[in-house]
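Before any comments, here is the structure.
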Amino acid sequence: MQLFPHSISETISKRYFQEIDSINQYNGIEDFYNIESKLLFEIFHLESAKAKKSLHEIIDILSIRFGKQVIKVVRNYFVILSSIVARKLLDNQVPSKKAFAFNLACADMIENNMKDAEFLQFADDLVDFYVYFIADRKQPTFRHQTVNKVIMYINDELENDLTVERIAQKFHISTSHLSRIFREHVGITLVEYLNVRRVEESQYYLRHTNKSITSISDQFHFCNQSYFTRIFKKYTGVTPKHFRDELHHEFYRFEIPEVEYENV
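Here the sequence shown is numbered in full-length UniProt numbering, starting from 1 and rising by one per residue.
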């Protein structure tokens, strides 16, 4: 029983030295981790176009090294990259359960949705998903800290049945005061913002899961599917069914204004 780990260790060591001996024949390998560091920087700074270019450069390096086996290796690398991003999310104060769910969701998508013939397009889609998720965790910069905290709280608890009253109670302020400061700083009412975030999040369930539209509507606590459809179309311009069926529709995202206001 004790020989087995030793045998594994010897096998890995032997393979390592074989790789060291042969690595010099492949051009560009030495740039791999520099490009990966740049890729992570671009992802976490929401620079989608640059991140996609960097990920393609990494795939090119893997292609040089692995040739016909590149798709299998790329698939494995996407899983590793997702794990790296999940750990950096933890560093950015994302709750551990969300980082874990993010990692599992990416791994499942890579395993079940990545088609060999479309792996480059999948790479772009994966970057889009990373950036989408990270953008939700971007710390708002309003000078009214209660508004910042409310936005982060909504991001963390979106699938709970949030209301203005419950949020106000959470932060020990009146509903009228919360509604006033939120609209003054964000530019829309808190009720509108809750609907916006539910629509944004529901898009990914429509596009990447087999859940029924009714189930997604219930998941995000719309009072019924008809209301969900009306609110979804208000912000995206299409119904949930059209968004799911017509893959050319881009994801809707509300841009939080970056203008800072003085405390009131």
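Idealized CB from N, CA, C, for every residue including glycine.
#1: Quick one: grab the DSSP three-state call for residue 264.
#2: If you draw a straight line from the C-alpha of residue 135 to the C-alpha of residue 21, how long is it?
#3: List the whole-angstrom C-beta distance separating residue 216 from residue 241, where the pair is believed to meet the contact cut-off of C-beta under 8 angstroms.
#4: Which same chain residues end up closer than 8 angstroms to residue 60 when comparing Cβ atoms and leaving out the 5 residues on each side of it in sequence?
#5: Determine the contact status of residue 142 and residue 172, defining contact as a CB-CB distance below 9 angstroms.
#6: Which stretch, first to last residue, makes up the alpha helix (DSSP H) that contains residue 234?
#7: Find the nearest neighbour of residue 190 within the set 230, 89, 69, 168, judged by alpha-carbon distance.
#8: Can you give me the Cβ contacts of residue 64 inside the same chain, cut-off strictly under 8 angstroms, excluding the 5 residues immediately before and after it?
#9: Applying the 10 Å Cβ sphere with the 16-neighbour rule, what's the burial state of residue 162?
#10: Just checking my contact of residue 252 with residue 227 at CB under 8 angstroms: how many whole Å lie between their CB atoms?
#11: Could you work out which residue in 69, 103, 120 is closest to residue 54 when comparing CA atoms only?
#12: Can residue 200 and residue 254 be called in contact, C-beta distance under 9 angstroms?
#13: For residue 207, would you say it is in contact with chain D, using Cβ-to-Cβ distances shorter than 9 angstroms as the test?
#14: Taking just the CA atoms, how far does residue 84 sit from residue 91?
#15: Identify whether residue 1 lies in helix, strand or coil by the three-state DSSP scheme.
#16: Given residue 196, which residues of its chain have a CB within under 8 angstroms of its CB, disregarding the five upstream and five downstream residues?
#17: Could you have a look at residue 138 and say whether DSSP puts it in helix, strand or coil?
#18: Under 9 angstroms between the Cβ atoms of residue 194 and residue 256?
Let me spell this out:
#1: Legend: pLDDT at residue 264 = 40, less than 50; position of this residue unreliable, value from coordinates given subsequently. Coil at residue 264, not helix or strand.
#2: 43 angstroms
#3: With 8 angstroms as the limit, residue 216 and residue 241 do not qualify as a contact, their Cβ atoms being about 11 angstroms apart.
#4: These residues qualify, in order along the chain: 28.
#5: no
#6: 225-236
#7: 168
#8: 26, 27, 28, 29
#9: buried
#10: That belief does not hold up - the Cβ atoms of residue 252 and residue 227 are roughly 17 angstroms apart, past 8 angstroms.
#11: 120
#12: yes
#13: Absent from the structure is chain D; it holds one protein chain and no more.
#14: 11 angstroms
#15: Because residue 1 carries a pLDDT of 47, less than 50, the predicted location of this residue cannot be relied on, and the following value inherits that uncertainty. Reduced to three states, the DSSP call for residue 1 is coil.
#16: 188, 235, 254
#17: coil
#18: Against a cut-off of 9 angstroms, the Cβ pair of residue 256 and residue 194 comes out as no contact.
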